[in-house]
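Last residue of the sequence shown? That's 101 in full-length UniProt numbering, and every number before it is there in order.
Idealized CB from N, CA, C, for every residue including glycine.
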Amino acid sequence: MLELLKNLFGFGPKVDFKALLADGATLVDVRTPAEFKDGHIKGAINLPLQTLGSNLNKLKKDQVIITCCRSGSRSGMARRQLQAAGYTQVYNGGPWTSLNA
């Protein structure tokens with residue numbers, strides 16, 4: 001159960017998201033378009049969780065991807081969905097506001 005919670009909310013070894021972004025990681029915001037419009041990190045792409053599966057062609061399987069959302073829950077689901085589709089370098093960045101700090 002603890003492992004499930006860690007994976008869901010992105011807890012675990014610390015990841016330097018700023019360094020990954022500086023090195024060219026793709027930031028995927030999986031919130032709704034309305035949430036994204038209300039505020040987002042410059043350079044993020046909006047691929048809502050409910051449409052992520054049909055938009056995988058917008059992402060390369062070998063690129064570093066950081067998912068984010070409002071709380072970290074949807075971004076955790078997106079991370080698992082991407083990994084199941086063969087994406088190997090996917091990180092749950094959690095809340096978008098924590099990545100913007």
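Assign residue i to buried or exposed, taking buried as 16 or more other Cβ atoms, counted over all protein chains shown, within 10 Å of its Cβ.
i   : result
P48 : buried
T67 : buried
A84 : exposed
D16 : exposed
A44 : buried
Rounded to the nearest angstrom, what separates residue i and residue j at their Cα positions?
i   : j   : result
L82 : G39 : 24 angstroms
L99 : I65 : 13 angstroms
A25 : A34 : 24 angstroms
L56 : G86 : 10 angstroms
K42 : D23 : 15 angstroms
D62 : T88 : 7 angstroms
N46 : W96 : 12 angstroms
L59 : S71 : 23 angstroms
Y91 : R79 : 6 angstroms
C69 : D29 : 6 angstroms
G94 : Q50 : 17 angstroms
R74 : R31 : 8 angstroms
Q20 : G76 : Before going on, a small fix: residue 20 reads as Leu here, not Gln. Those two C-alpha atoms are separated by around 18 angstroms.
F36 : L27 : 13 angstroms
S54 : K14 : 30 angstroms
K18 : L52 : 24 angstroms
Q.
Report the start-end ranges of each beta strand (DSSP E) in the UniProt domain "Rhodanese" (21 to 98) that is 3 residues or longer and not cut off at the edges.
A. 26 to 29, 65 to 69 and 90 to 95
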